[in-house]
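First the structure, in the form of structure tokens, and then the observations on it.
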Amino acid sequence: MAMAKVEGGNSSRNGVGDEGLVPKKRAGLWIPYRGCWLTPDAVKSVKLVEEQFQARSDDVLLVTYPKCGTTWLKALAFTVTNRLLHPAHAAGDDAHPLLARHPQDLVPYLEMPYRQLQQHPVAELEEIASPRLLSTHLPVTLLPPSVLDLGCRVVYLCRNPKDVLVSLWHFIHKVNQKYTIDKAFELFCKGETVYGPIWEHSLGFWNKAAVSESESDSRRVLFLKYDEMMAQPVEHVKMLAEFLRVPFSDEEVSRGVVEDVVRLCSFDKLKSVPVNSSGVCDRIGGLLMENSSYFRAGKVGDWANHLTQEMANKLDAIVEEKLTGSGLTF
Ligand code: A3P
1 MAMAKVEGGN SSRNGVGDEG LVPKKRAGLW IPYRGCWLTP DAVKSVKLVE EQFQARSDDV
61 LLVTYPKCGT TWLKALAFTV TNRLLHPAHA AGDDAHPLLA RHPQDLVPYL EMPYRQLQQH
121 PVAELEEIAS PRLLSTHLPV TLLPPSVLDL GCRVVYLCRN PKDVLVSLWH FIHKVNQKYT
181 IDKAFELFCK GETVYGPIWE HSLGFWNKAA VSESESDSRR VLFLKYDEMM AQPVEHVKML
241 AEFLRVPFSD EEVSRGVVED VVRLCSFDKL KSVPVNSSGV CDRIGGLLME NSSYFRAGKV
301 GDWANHLTQE MANKLDAIVE EKLTGSGLTF
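Counting along the sequence shown from 1, when you hit position 37 you're at 37 in the working numbering, and nothing is skipped either side.
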């Protein structure tokens with residue numbers, strides 16, 4: 001799997017990022033764009049991506065709603081696909097790229113922070129050799145048409161909305177103190193949070209996964225859940241490798257290569273790596289965020305420490321109602 005051309009991981013850089021994730025001036029600055037809430041800057045870049053990005057049939061997209069474990073999925077997919085060149089067990093001697101670069105910078109986003117809009121926005125992506133590993137937070141409805149036309153494979157990672165809400169609130173609150181937990185809760189429940197509503201986001205890919213399984217002989221969407229991946233990481237990494245068409249051989253399994261990958265990409269390991277625990281970087285379109293912001297608690301159910309039971313019940317009821325009949329549960 002081809003690697004993104006990226007320079008240094010610990011300083012402000014161009015090219016990859018959670019474009020327009022954070023409203024810069026006040027809470028609630030996202031606007032609706034074709035059924036999805038985005039910052040005005042993000043709308044501009046989404047339009048450019050839609051117009052100019054040309055998918056290739058062997059592209060694989062890692063798709064997440066923000067704070068569902070994008071960083072983890074990028075680390076895992078990168079490590080699995082590049083394991084011949086960069087064995088995970090070599091991590092002990094500082095040889096692995098994950099020890100030198102933030103996982104966010106190893107797989108580029110489709111929607112970049114395009115501040116210089118006169119530039120061709122997808123030029124960097126075009127320079128990446130096939131097969132490309134790319135990532136995006138875009139809902140299925142905003143994916144560039146060529147992605148769907150060519151039947152590119154998608155790995156979708158979802159997460160319990162209560163944990164997503166809390167994680168997103170922590171992330172945004174670091175740079176926007178007006179984004180209180182009450183404000184975050186109110187907007188999240190209305191679906192008016194960046195890339196939201198979250199239920200539409202997950203349902204879009206859930207339905208796509210169902211259609212792809214019924215219509216084609218090769219699976220197009222691998223639908224994963226953060227909580228299940230936390231509970232059974234080895235099984236999920238094997239599944240991911242199969243889907244990425246780089247399955248582990250019996251010999252690799254017996255050598256413990258899968259466990260090596262899980263260990264290298266674990267929350268505790270990645271959080272402790274200096275390139276992730278220190279420094280700042282602009283990955284959100286004009287704002288420096290600490291690299292460590294992407295590694296907070298890394299727990300299932302941390303929402304219980306931040307939401308009241310009443311808030312939890314309300315959000316659960318909204319999500320349940322929105323997902324009725326779909327078969328999707330979190
Ligand atoms: P918390 O804020 O609940 O801790 P994203 O990468 O999509 O921005 O998601 C960030 C969330 O994933 C954060 O959740 C972060 O701690 C968690 N995370 C980051 N790396 C992880 C890893 N290797 N394993 C599990 N969770 C991880």
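Note that CB positions come from ideal geometry on N, CA and C, so glycine has one too.
Practice task
Using 7 Å as the cut-off, classify the Cβ of R343 as near or not near the heavy atoms of ligand 1, replying yes or no.
Solution key: Here the chain covers residues 1 to 330 and nothing more, so residue 343 does not appear.
Practice task
Could you pull the start and end residues of the beta strand (DSSP E) that T136 belongs to?
Solution key: L133 to T136
Handout entry: Other residues of its chain near A88: CB distance less than 6 Å, five sequence neighbours each side excluded
Key = T79, D260, V261 and L264
Exercise for the section: Evaluate contact between the region 161-169 and the region 63-73, counting only Cβ atoms and requiring at least three cross-stretch pairs below 8 Å. Expected result: yes
Practice task
Put I284 into one of helix, strand or coil per three-state DSSP.
Solution key: coil
Practice task
Below 6 Å CB to CB, which residues in the same chain sit around V147 once its five sequence neighbours on both sides are set aside?
Solution key: A55
Practice task
Would you check if the distance between the CB atom of A335 and the CB atom of P247 is smaller than 8 Å?
Solution key: This structure gives no information on residue 335, because the portion of the chain shown stretches from 1 to 330.
Handout entry: Separation of G196 from G204, as counted between CA atoms
Key = 12 Å
Problem - When E252, D227 and P108 are compared against K340, the one with the closest alpha-carbon - result: Residue numbering for the chain in the displayed model covers 1 to 330; residue 340 lies beyond these limits and cannot be assessed.
Problem - Cα-Cα separation between P97 and E111, rounded to whole angstroms - result: 23 Å
Exercise for the section: Measure the Cβ-Cβ separation of P139 and V319 and say whether it is below 8 Å. Expected result: no
Problem - Range of the contiguous alpha helix (DSSP H) that encloses C152 - result: Element bounds for C152: n/a, residue is neither H nor E.
Handout entry: Cβ-based neighbour list, L338, same chain, cut-off 6 Å, excluding 5 preceding and 5 following
Key = Here the chain covers residues 1 to 330 and nothing more, so residue 338 does not appear.
Problem - T81, buried or exposed, once every other Cβ within 10 Å from all chains shown has been counted against 16 - result: buried
Exercise for the section: At 4 residues or longer, and completely inside the region 22-86: list those alpha helix (DSSP H) runs for me, N to C. Expected result: 40-52 and 70-81
Practice task
Quick one: measure Cβ to Cβ for L328 and S202, integer angstroms, because I've assumed they're closer than 8 Å.
Solution key: 6 Å
Practice task
In the DSSP assignment, find the unbroken beta strand (DSSP E) run with F223 in it and report its ends.
Solution key: V221 to K225
Handout entry: Helix, strand or coil at E252 according to DSSP, with G and I counted as helix
Key = helix
Handout entry: Own chain partners of F188 with C-beta closer than 6 Å, once the 5 adjacent residues on each side are dropped
Key = L165
Practice task
Return yes when the C-beta of D302 is under 7 Å from any heavy atom of ligand 1, and no when it is not.
Solution key: yes
Problem - Alpha carbon of P108 to alpha carbon of E192, nearest angstrom - result: 26 Å
Exercise for the section: To the nearest angstrom, report how far apart Q309 and L84 are at their CA atoms. Expected result: 48 Å
Exercise for the section: State yes or no: is the C-beta of F243 nearer than 7 Å to some heavy atom of ligand 1? Expected result: no
Handout entry: Separation of L48 from L142, as counted between CA atoms
Key = 11 Å
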